[in-house]
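Right, one structure below, let's go through it.
Numbering (the numbering used here), first residue to last: 4 to 402.
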């Protein structure tokens with residue numbers, strides 16, 4: 004069962020805060036607030052609510068929050084919306100671990116305005132077709148220039164953070180959730196690599212510092228998950244026709260990367276720092292554990308691959324919460340998932356399925372249905388997700 008309380012050593016009776024966030028951990032605005040509660044060690048309850056593009060919102064939540072928008076904070080019975088407002092109120096109410104140094108208040112406001120400019124320039128780049136003029140070819144130049152300003156700001160004070168000091172501030176949290184999504188989307192749709200580049204070395208140092216913090220590691224997604232979850236939230240991304248885009252999409256979509264043998268440390272598309280790389284065996288075992296811990300539901304979920312689409316569809320193409328699984332495939336899927344678990348546990352290769360070509364094609368669709376819907380951080384960590392996707396492909400290829 005997923006935890007619904009974070010106590011940090013406090014008593015449940017002392018919990019004043021309830022965080023309403025999305026089920027999957029894919030909402031950037033929820034991520035900011037989630038990280039802040041973790042950084043400040045504020046005890047809180049967790050309620051998980053669908054984003055509209057992934058399913059219905061419960062009636063009790065809409066009664067409490069008619070807009071249905073996330074995130075929502077309930078503090079001492081009072082409902083608060085809008086992520087930045089929520090963060091400011093958390094800071095005022097729980098000041099023990101300060102996240103806005105008083106001496107940098109004006110700098111913080113300036114940087115928050117720059118973040119809004121960066122967000123606007125990102126939208127102009129990714130969610131419009133490239134072409135001549137200010138809304139096309141000029142969009143990349145504008146985005147890169149603003150990204151340069153962000154990089155410069157990160158170099159103005161000692162340490163990796165926007166406001167200096169040893170720990171991230173509200174400003175850092177305001178930036179990181181969307182810059183994380185920029186990393187994935189700019190590469191996937193525009194062939195623009197933002198990570199591991201000398202031009203933006205301060206931003207790389209900033210990410211390296213975040214990737215050492217448990218609050219970020221627990222909430223961070225992977226590029227594949229992001230390029231699947233961004234369009235339902237923001238609209239479609241527009242791909243350029245460059246070789247860089249084609250290469251990036253082959254890697255991020257898994258066509259060139261979800262294969263055994265899998266090297267977790269050698270991706271030039273999506274970096275995996277040492278601090279987040281548990282090694283091959285640990286990644287395999289995490290994937291196996293996650294699969295086993297909800298095994299019956301996963302088998303049934305796979306059978307949707309040969310089932311019927313739900314009567315009501317939502318904005319996310321891969322989301323079909325009312326789909327009807329074809330349980331005639333349950334036995335075959337069970338057999339192949341058990342094989343996958345064994346491969347994950349002992350790291351060996353070699354599988355015999357015993358399926359005919361037609362049976363194999365159908366049951367392969369069931370495994371592919373699961374593979375394409377493994378999400379980070381909802382289901383498991385990025386290394387475990389890559390490992391499970393690659394092992395599922397290995398079994399599919401053997402059918």
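Yeah, the Cβ is synthetic: ideal placement off N, Cα and C, and Gly gets one too.
C-alpha gap between residue i and residue j, whole angstroms
| i | j | result |
| --- | --- | --- |
| residue 323 | residue 158 | 45 Å |
| residue 381 | residue 375 | 14 Å |
| residue 260 | residue 50 | 35 Å |
| residue 4 | residue 32 | Here residue 4 scores only 44 on pLDDT, less than 50, and its place in the model should not be relied on; the value that follows carries that caveat. Distance between the alpha carbons of residue 4 and residue 32 is about 25 Å. |
| residue 316 | residue 193 | 29 Å |
| residue 283 | residue 337 | 25 Å |
| residue 124 | residue 363 | 47 Å |
| residue 379 | residue 161 | 32 Å |
| residue 258 | residue 116 | 39 Å |
| residue 368 | residue 304 | 12 Å |
| residue 230 | residue 188 | 6 Å |
| residue 341 | residue 391 | 13 Å |
| residue 331 | residue 312 | 16 Å |
| residue 237 | residue 325 | 23 Å |
| residue 271 | residue 147 | 20 Å |
| residue 10 | residue 134 | 52 Å |
| residue 69 | residue 61 | 11 Å |
| residue 220 | residue 142 | 31 Å |
| residue 98 | residue 195 | 39 Å |
| residue 273 | residue 377 | 17 Å |
| residue 22 | residue 46 | 10 Å |
| residue 248 | residue 181 | 20 Å |
| residue 250 | residue 227 | 14 Å |
| residue 294 | residue 373 | 11 Å |
| residue 110 | residue 309 | 55 Å |
| residue 268 | residue 279 | 10 Å |
| residue 90 | residue 65 | 22 Å |
Proximity of residue i and residue j at Cβ, strictly below 8 Å
| i | j | result |
| --- | --- | --- |
| residue 122 | residue 203 | no |
| residue 118 | residue 34 | no |
| residue 302 | residue 254 | no |
| residue 287 | residue 240 | no |
| residue 343 | residue 265 | no |
| residue 154 | residue 206 | yes |
| residue 318 | residue 235 | yes |
| residue 83 | residue 72 | no |
| residue 165 | residue 114 | yes |
| residue 213 | residue 179 | yes |
| residue 276 | residue 211 | yes |
| residue 74 | residue 19 | no |
| residue 152 | residue 100 | no |
| residue 163 | residue 208 | yes |
| residue 102 | residue 183 | no |
| residue 320 | residue 306 | no |
| residue 383 | residue 289 | yes |
| residue 224 | residue 28 | yes |
| residue 399 | residue 371 | yes |
| residue 48 | residue 7 | yes |
As assigned by DSSP and simplified to three states, the class of residue i
| i | result |
| --- | --- |
| residue 77 | strand |
| residue 4 | In this prediction, residue 4 has a pLDDT of 44, which is less than 50 and means its spatial position is unreliable; what the coordinates show is noted afterwards. Residue state, collapsed to three classes: coil. |
| residue 241 | coil |
| residue 21 | strand |
| residue 30 | coil |
| residue 51 | strand |
| residue 390 | helix |
| residue 198 | coil |
| residue 364 | helix |
| residue 182 | helix |
| residue 37 | helix |
| residue 14 | coil |
| residue 275 | coil |
| residue 60 | coil |
| residue 192 | helix |
| residue 376 | coil |
| residue 187 | helix |
| residue 304 | helix |
Strand pairing of residue i, partner residues [DSSP]
| i | result |
| --- | --- |
| residue 311 | 327 |
| residue 341 | Partner(s): none; residue 341 has no beta bridge. |
| residue 9 | 47 |
Any non-hydrogen atom of the ligand ZN closer than 7 Å to residue i Cβ
| i | result |
| --- | --- |
| residue 330 | For the structure depicted, the ligand ZN is absent and the ligand set is empty, with no information on it obtainable. |
Proximity test, Cβ basis, 8 Å: residue i and chain C
| i | result |
| --- | --- |
| residue 389 | Protein chain content of the structure displayed is limited to a single chain, and chain C is not contained in it. |
Of all the beta strand (DSSP E) runs that stay within the bounds of the region 69 to 150, which reach a length of 3 or more residues?
If one requires a minimum length of 3 residues, the beta strand (DSSP E) runs lying completely within the region 69 to 150 are 75 to 78 and 81 to 84, in chain order.
Return the chain-ordered ranges of every alpha helix (DSSP H) run that is complete within the region 203 to 271 and spans a minimum of 4 residues.
As far as the region 203 to 271 is concerned, its whole alpha helix (DSSP H) runs of at least 4 residues are 204 to 213, 217 to 220, 226 to 237 and 246 to 255.
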